[in-house]
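Below is one structure; the comments refer to it alone.
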Amino acid sequence: MSSWQRTGRPSDQLVAHMMMTMKDNIEILSHEDDDIALEGATTHCRLPHDKLTSQELACFPDIARLSRATHAVFLYLRNKTLQIWLLNPRDELTFTGLLNEIPAPYNSDTNLVRRVHGFLERYGYINFGFIRPDSAVPKTAKQKRKVVILGAGAAGLAAARQLKGFGCEVVILEARNRVGGRIATYKKGNYVADLGAMIVTGLAGNPVTVLARQMPMTLQKIKTRCPIYDASGKLIDKEKDDVIEKEFNRLLDACAYLAHTKGITDIEGEKLSLGSTFDIIFQQQGKRVREKKLEFWQTYCELQDKQREIQDEMISLKETISKLHAEYSRSMNENENTENVPLLREFQSRCRRRDLQAAIR
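Heads up: the sequence shown begins at 1 in full-length UniProt numbering, then just goes up one per residue.
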C-alpha cells in the first residue's frame with residue numbers, strides 16, 4: 001500500500017514520479033484534489049509543500065514567530081500562487097489577478113497575499129521567462145537603476161529579462177558574435193546539429209519545462225539507442241561503443257575521486273576544470289600505457305633470448321642424437337656377424353649398444 005493510500009494524501013515521491021512520467025504535467029496541477037495539485041506545484045518549483053524554507057523564514061520573520069495555523073495559511077497562499085502561475089505561465093500573474101483566484105477565507109488578508117506574491121516574483125518562482133506582461137499594471141521603479149550583465153548566455157539573458165521586468169535599465173556585454181552561450185546550433189546546408197545544452201534532464205522541478213510551454217516548444221523524448229559515428233561518418237561498432245562509454249565513465253569517476261575524495265582541485269594555485277583534469281588523466285594514462293608497453297617488449301625480448309638458447313640447445317642435442325644413432329646402427333650391423341667376431345670384441349660391442357640405448361633414452 002502506498003503512502004497516499006495510508007494517509008489520504010500523496011507523498012513527495014509519488015508526486016515527483018507522476019510529474020516525470022505524465023506527458024503533460026499540467027494535468028496534475030489542475031487535479032480535482034487540491035492537495036495533489038498544490039503539492040505538485042511546489043514539487044515543480046523545488047520547494048517543500050509542508051514547511052517554510054530558510055529563505056522564507058528570513059523574509060517573513062513575523063510569520064516564523066506565529067502559530068502553526070498561521071504557517072498553514074502562509075503555505076496555502078504560497079502553494080496556491082505557484083499552482084495558479086503554473087497553470088498559465090504565458091501570462092504575467094499580477095497581484096490583482098492572484099487575489100481574484102484565491103478562495104475565501106484565504107483572500108481576507110490582502111497584505112499577506114501581496115507579500116507572498118512579491119516574494120515569489122522577486123526570487124523567480126513566478127513571472128519568469130517568456131511572459132506577456134499585464135499592460136494594465138506598468139512597472140516603474142522609484143529610482144531606475146542601470147545594470148550591466150556580462151555574458152549573453154541563458155543565465156545572462158534570463159537575468160536581463162527579469163531585471164527589465166522589474167523596471168531596470170539593462171545592458172548586456174557579450175564577447176562572441178552570437179548569443180546563447182553554451183546553447184549553440186551548427187548549420188551547414190540542410191543539416192542542423194545542436195552543439196550543447198539541448199537535453200532537458202528531468203521534468204519535475206525543472207524551470208526549462210516552463211519555458212518550453214511558454215514559447216511554445218514540443219519536447220521530444222530521447223531514444224534509448226544513441227549511435228555514435230566516427231569522423232568519416234561511419235557507424236561505430238556497438239561493442240567498441242560500449243568499451244568507449246565504459247572508459248569515459250571510468251574517467252569521470254576518476255575526476256570525481258580526485259576532486260571530492262582526494263581534494264585535488266588546483267595545481268600550483270591554478271584551479272582545475274573538468275577538461276583540464278581530463279587532460280591530466282589522459283596524459284598519466286598514456287604514460288602508464290607506454291610503461292606497460294615497454295615492460296611488454298622487454299619481457300618479449302627476454303623470452304626471445306630464452307627461446308634462442310633453447311633452440312641452440314635443441315640443435316646441439318639433435319647433433320648428439322644423430323651421432324649416437326649412427327653409432328647404434330653400426331653396432332647393430334656388427335651384431336649381425338657375431339660368428340666370426342672374437343668373444344671379447346662381441347662383449348665390447350654389446351656394452352657399447354647398451355650405453356648407446358641408455359644415452360638415447
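Glycine included, C-beta positions come from ideal geometry on N, C-alpha and C. Given the structure is predicted, the values throughout are model-derived calculations rather than measurements.
With fewer than 16 other CB atoms across the displayed protein chains lying within 10 angstroms of its CB, residue 260 is exposed. Proximity to residue 130 across 304, 144, 148, 93 peaks at 93, based on C-alpha coordinates. Look at the beta carbons and you see the region 38–49 touching the region 74–91: at least three pairs across the two are nearer than 8 Å. About 6 Å separates the Cβ atoms of residue 182 and residue 153, confirming a contact at the 8 Å cut-off. In the DSSP assignment, residue 56 falls within the alpha helix (DSSP H) that extends over 54–59. Approximately 7 Å separates the beta-carbon atoms of residue 52 and residue 71; this is inside 8 Å, confirming the contact. One Cα belongs to residue 186, the other to residue 199, and the distance between them is close to 16 Å. By the CB criterion at 7 Å, residue 63 and residue 74 fall inside the cutoff. Per DSSP, residue 201 lies in no alpha helix (DSSP H) and is assigned neither H nor E. For residue 126, the number of other beta carbons within 10 angstroms of its own is at least 16, and it is reported as buried. Looking at the backbone, the Cα of residue 256 and that of residue 263 are separated by about 9 Å. Counting of Cβ neighbours within 10 angstroms places residue 66 among the exposed residues, the total staying below 16.
The beta carbon of residue 90 sits closer than 7 Å to the beta carbons of 131, 132, 214 from its chain, once the five residues preceding and following it are set aside; these are given in chain order. Closest by C-alpha distance to residue 59, out of 117, 101, 319, 234, is 117.
Under a 10 Å Cβ-count criterion, residue 121 is classified as buried, with 16 or more other Cβ atoms of the shown protein chains found around its own Cβ. Listed as beta-bridge partners of residue 185 by DSSP are 194.
Residue state for residue 229 is assigned as strand, using DSSP reduced to three classes. Bridge pairing for residue 267: 270 [DSSP].
Membership of residue 146 in the beta strand (DSSP E) is indicated by the continuous run 146–150. Shown here for residue 162: same chain residues with a beta carbon closer than 8 Å to its own, the five before and five after excluded, namely 124, 128 in chain order.
The C-beta of residue 57 has fewer than 16 other C-beta atoms within 10 Å across all chains shown, which makes the residue exposed. The residue from 149, 225, 231 with its alpha-carbon nearest to that of residue 242 is 225. The C-beta distance from residue 317 to residue 356 rounds to 15 Å, too long to fall under 8 Å, and the pair is not in contact. If you compare the alpha carbons of 195, 151, 197, 159 with that of residue 175, the shortest gap goes to 151.
If you look at residue 172, you'll find it in the beta strand (DSSP E) that goes 169–173. Beta-bridge annotation (DSSP): residue 180 is paired with 153. Sixteen is the threshold: when 16 or more other Cβ atoms of the shown chains lie within 10 Å of the Cβ of residue 209, as they do, the residue is buried.
Counting along the chain, residue 70 sits inside the alpha helix (DSSP H) bounded by residues 68–87.
Note on geometry: alpha-carbon atoms of residue 147 and residue 158 lie some 13 Å from one another. Taking the Cα of residue 244 as reference, the smallest distance to any Cα among 228, 37, 196 is reached at 228.
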